[in-house]
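Peer 1:
Numbering (the numbering used here), first residue to last: 186 to 498.
Given below as structure tokens:
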């Protein structure tokens with residue numbers, strides 16, 4: 186991996202000029218002075234701002250081109266299972282305008298399966314639950330395609346928002362998204378494994394506007410996330426119910442693999458195992474599973490033709 190950047194862009198609100206991209210823009214979130222704002226070109230797995238998405242892709246291609254090749258590259262991008270044809274065309278066009286020579290789209294569960302080493306081209310069924318920043322994809326795969334799937338337009342970012350909402354409601358405390366994410370990482374869980382732990386968080390008092398600190402327990406964070414976690418387990422269950430009986434047998438034997446940053450939440454595999462009655466394991470590198478799988482499609486001859494759902498031009 187040559188470049189790993191946040192999907193954030195900082196923009197001058199007056200001139201509309203892009204002033205920072207990627208990790209540099211991410212450091213500015215919640216800290217921008219008057220006249221500057223940070224935006225996410227992608228929202229829940231699809232393009233929210235076409236111009237900014239093009240700028241971000243151009244920036245990433247530029248870093249790869251400088252490190253590897255001087256020509257316009259082929260680009261493979263991951264997409265949620267339920268994207269529409271319009272959303273796919275918008276993503277492909279943004280990549281082409283950003284400097285790609287050719288664009289291929291691969292559904293994220295397929296890419297995640299390839300990234301963790303699952304034999305997704307085989308007739309046997311395999312299941313992946315991929316919890317990204319803005320989407321959650323539950324999918325059963327066989328013969329290089331998706332047999333049954335369910336997509337939720339929620340993910341790790343929504344977990345952060347739920348934690349911030351809980352603190353605002355229970356303590357009258359306003360915190361930023363980075364503080365909420367840090368709280369999730371430190372004491373967050375999806376299963377009663379870290380309930381006794383606690384963490385102090387500082388924000389702004391909703392009434393006085395002054396700084397205020399409170400101590401939050403792991404149990405509080407877990408309970409704040411319950412609604413979203415139940416939705417993920419319900420989506421996984423619905424996916425299993427739609428699959429043919431032969432593939433259900435395969436999944437019972439092989440188990441389910443959880444990928445994406447959301448899978449790093451402590452106790453995630455135990456929570457899903459208890460909810461679904463099937464063994465669930467978290468991938469060794471859940472954050473990188475999709476991108477590693479996308480890389481494999483470019484490295485192995487003929488693989489991209491088997492798994493890509495869209496190609497442009």
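For glycine and all other residues, C-beta sits at the position ideal for the given N, C-alpha and C.
Ignore the nearest five residues each way along the sequence and tell me which others in residue 462's own chain have a CB closer than 6 Å to its CB.
Peer 2: As a first step, residue 462 is located in the chain shown; it is residue number 277 there, counting from the start. No residues qualify anywhere along the chain.
Peer 1: Any idea what DSSP makes of residue 334, helix, strand or coil?
Peer 2: Locating residue 334 in the chain shown gives position 149, where the first residue counts as 1. Correct three-state label for residue 334: strand.
Peer 1: Closer than 7 Å by C-beta to residue 257: which residues in its own chain qualify, once you throw out the five before and the five after it? Chain order, please.
Peer 2: By 1-based counting over the chain shown, the position of residue 257 is 72. Closer than 7 Å at Cβ, skipping near neighbours: 284, 285 and 286.
Peer 1: Only counting the same chain, and skipping five residues up and downstream in sequence, which positions put a Cβ closer than 7 Å to that of residue 229?
Peer 2: Looking up residue 229 in the chain shown gives position 44. Closer than 7 Å at the Cβ level, and outside the excluded window around residue 229, lie 319, 320 and 338.
Peer 1: State the DSSP-derived secondary structure class of residue 344, mapped to helix, strand or coil.
Peer 2: Position 159 of the chain shown, counted from the start, is the residue given in the question as residue 344. Helix.
Peer 1: Based on the DSSP output, what are the partners of residue 384 in its beta bridges?
Peer 2: Counted from its first residue, the chain shown places residue 384 at position 199. DSSP, once it has assigned bridges, lists 401 as partnering residue 384.
Peer 1: Relative to the alpha-carbon of residue 241, which residue among 191, 200 and 322 has its alpha-carbon at the smallest distance?
Peer 2: By 1-based counting over the chain shown, the position of residue 241 is 56. Closest option to residue 241, Cα to Cα, is 191.
Peer 1: When you compare only the Cα positions, how much space is there between residue 328 and residue 436?
Peer 2: One-based indexing of the chain shown puts residue 328 at position 143. One-based indexing of the chain shown puts residue 436 at position 251. If I take the Cα positions, the gap works out to 14 Å.
Peer 1: Three-state secondary structure (DSSP) at residue 286?
Peer 2: As a working note, residue 286 is residue 101 in the chain shown. Correct three-state label for residue 286: coil.
Peer 1: Following the continuous beta strand (DSSP E) through residue 326, name the residue where it begins and the one where it ends.
Peer 2: Within the chain shown, residue 326 is the residue found at index 141, counting from 1. Per DSSP, residue 326 belongs to the beta strand (DSSP E) from 321 to 327.
Peer 1: What first and last residue would you give for the beta strand (DSSP E) that runs through residue 262?
Peer 2: One-based indexing of the chain shown puts residue 262 at position 77. Start and end: 259 to 264.
Peer 1: What separation, rounded to the nearest whole angstrom, lies between the Cα atoms of residue 501 and residue 485?
Peer 2: The requested residue 501 does not occur in the structure, where the chain is confined to residues 186 to 498.
Peer 1: Rounded to the nearest angstrom, how far is the Cβ of residue 234 from that of residue 224, given a contact under 8 Å?
Peer 2: Walking along the chain shown from the start, residue 234 turns up at place 49. Walking along the chain shown from the start, residue 224 turns up at place 39. The pair is a contact, with the Cβ atoms about 6 Å apart (cut-off 8 Å).
Peer 1: With three or more C-beta pairs closer than 8 Å as the rule, is the region 443 to 453 touching the region 375 to 393?
Peer 2: Yes, the region 375 to 393 touches the region 443 to 453.
Peer 1: Among the residues of its own chain, which have a CB less than 7 Å from the CB of residue 414, if the five just before and after it don't count?
Peer 2: Counting from one through the chain shown, the residue named residue 414 turns up at place 229. So the qualifying residues of the chain are 375 and 456.
Peer 1: I'd like the list of long-range same chain contacts for residue 473, defined as Cβ closer than 8 Å, with 5 residues on each side in sequence excluded.
Peer 2: Within the chain shown, numbered from 1, the residue matching residue 473 stands at position 288. So the qualifying residues of the chain are 186 and 300.
Peer 1: Suppose the cutoff is 7 Å on Cβ atoms and the five residues either side in sequence are ignored; what does the same chain contact list for residue 424 look like?
Peer 2: One-based indexing of the chain shown puts residue 424 at position 239. The answer, listed in chain order, is 323, 324, 325, 333, 334 and 335.
Peer 1: For the structure I just gave you, are there three or more beta carbon pairs, one from the region 350 to 367 and one from the region 311 to 318, closer than 8 Å?
Peer 2: No: fewer than three Cβ pairs fall under 8 Å.
Peer 1: Going by beta carbon distance, what residues of the same chain come within less than 6 Å of residue 238, once the five residues before and after it are set aside?
Peer 2: Position 53 of the chain shown, counting from 1, holds the residue named residue 238. If we look at residue 238 and ignore the five residues flanking it on each side, its Cβ neighbours are 226, 232 and 279.
Peer 1: Compute the Euclidean distance between the alpha carbons of residue 289 and residue 193, then round it to the nearest angstrom.
Peer 2: By one-based count along the chain shown, residue 289 stands at place 104. By one-based count along the chain shown, residue 193 stands at place 8. Each residue's Cα considered, the two are about 23 Å apart.
Peer 1: Which of the three DSSP states is assigned to residue 198 in this structure?
Peer 2: Mapped onto the chain shown, residue 198 falls at position 13. Reduced to three states, the DSSP call for residue 198 is coil.
Peer 1: Relative to the C-alpha of residue 397, which candidate in 388, 344 and 295 has its C-alpha closest?
Peer 2: As a working note, residue 397 is residue 212 in the chain shown. Answer by Cα proximity: 388.
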